[in-house]
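Asker: Structure provided below as structure tokens; questions to follow.
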Amino acid sequence: MGNSVSCHFILASGSPRRREMLEWLGFPFTIKTFPIDEVSSHDHPGDKAIDIAEKKCSALKSWLHDEKVESAIVLAADTIVSKDGQCFGKPGSEDEARKTLSFLSGTTHAVYTGVALGFWEIGAGFTKMKTFWEETTVEFYPIAHDLMDQYIDSGEYKDKAGAYGIQGQALTFIKGIVGSYSNVVGLPLSEVVQEIKKLLSEESKDQRLKDLFS
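Residue numbers (my numbering): 1 to 214.
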């Protein structure tokens with residue numbers, strides 16, 4: 001497909017929240033996603049999230065090869081809400097969202113974001129894949145029925161793990177959190193930046209790529 005493309009940083013996620021957080025950092029990146037089966041056989045929610053994040057990252061292999069991308073960091077992530085052994089991803093309907101929020105109402109739950117960072121080199125593929133998950137504990141106030149109805153009617157629950165986004169109307173549900181705020185939004189940003197720096201120091205000879213995170 002012609003000459004090689006130098007593509008420094010790729011976000012393998014269509015999440016507008018993750019895109020916005022990366023924009024805060026002020027460096028250029030490309031968004032590229034391909035559909036995957038977001039199912040995992042792992043029991044632990046953190047491991048489930050990592051498994052799905054790895055799938056998102058690996059789904060770019062053919063595209064990276066065909067586009068002759070020289071070297072890049074590929075970032076993928078997945079967020080799961082967990083309580084009492086049950087895991088909650090994005091709700092598929094209003095009814096599912098209502099049931100999830102009713103279950104979380106007045107209780108404490110955990111939010112896990114699994115992260116996969118793949119280092120790609122042309123001719124070698126992914127030479128390294130670093131994965132980790134971050135956990136944040138979130139406590140909800142009891143959610144009044146009229147407030148829940150208003151929230152469901154707004155449609156804000158859509159495309160959000162656990163049927164809520166901490167950065168929106170659902171902030172009024174939250175009594176407190178322990179851990180990373182950005183992790184609940186969908187990406188443990190500080191931890192991601194530190195892991196990228198480590199990965200580049202170990203793997204990359206591309207100074208342009210390193211300069212993005214210097």
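Virtual Cβ for every residue (Gly too), placed ideally from N, Cα, C.
Please report how far the alpha carbon of I196 lies from the alpha carbon of S13, in whole angstroms.
Answerer: 17 Å
Asker: Can you tell me whether E121 is helix, strand or coil according to DSSP?
Answerer: strand
Asker: Since W133 sits in a beta bridge, which residues does DSSP pair it with?
Answerer: G114
Asker: Keeping to the same chain, check which residues put their C-beta closer than 6 Å to that of K175; ignore five residues upstream and five downstream.
Answerer: So the qualifying residues of the chain are E139 and Y141.
Asker: Which residues mark the beginning and the end of the alpha helix (DSSP H) in which L199 is found?
Answerer: L189 to E203
Asker: Answer with buried or exposed for V69, where buried requires no fewer than 16 other C-beta atoms within 10 angstroms of its C-beta.
Answerer: Residue environment: V69 is assigned as buried (16 or more neighbouring CB atoms within 10 Å of its CB, all protein chains considered).
Asker: Taking the alpha-carbon positions, what's the F27 to S82 distance?
Answerer: 33 Å
Asker: Does I50 come out as helix, strand or coil in the three-state DSSP assignment?
Answerer: helix
Asker: Pull up the DSSP beta-bridge partners for G176, would you.
Answerer: As a beta-bridge residue in DSSP terms, G176 pairs with E139.
Asker: Can you give me the Cβ contacts of G2 inside the same chain, cut-off strictly under 8 Å, excluding the 5 residues immediately before and after it?
Answerer: Low local confidence applies: a pLDDT of 41 at G2 is under 50, so the model's placement there is unreliable, and no value is given.
Asker: By DSSP's criteria, C87 is part of a beta bridge. Which residues make up the other side?
Answerer: Paired residues: S82.
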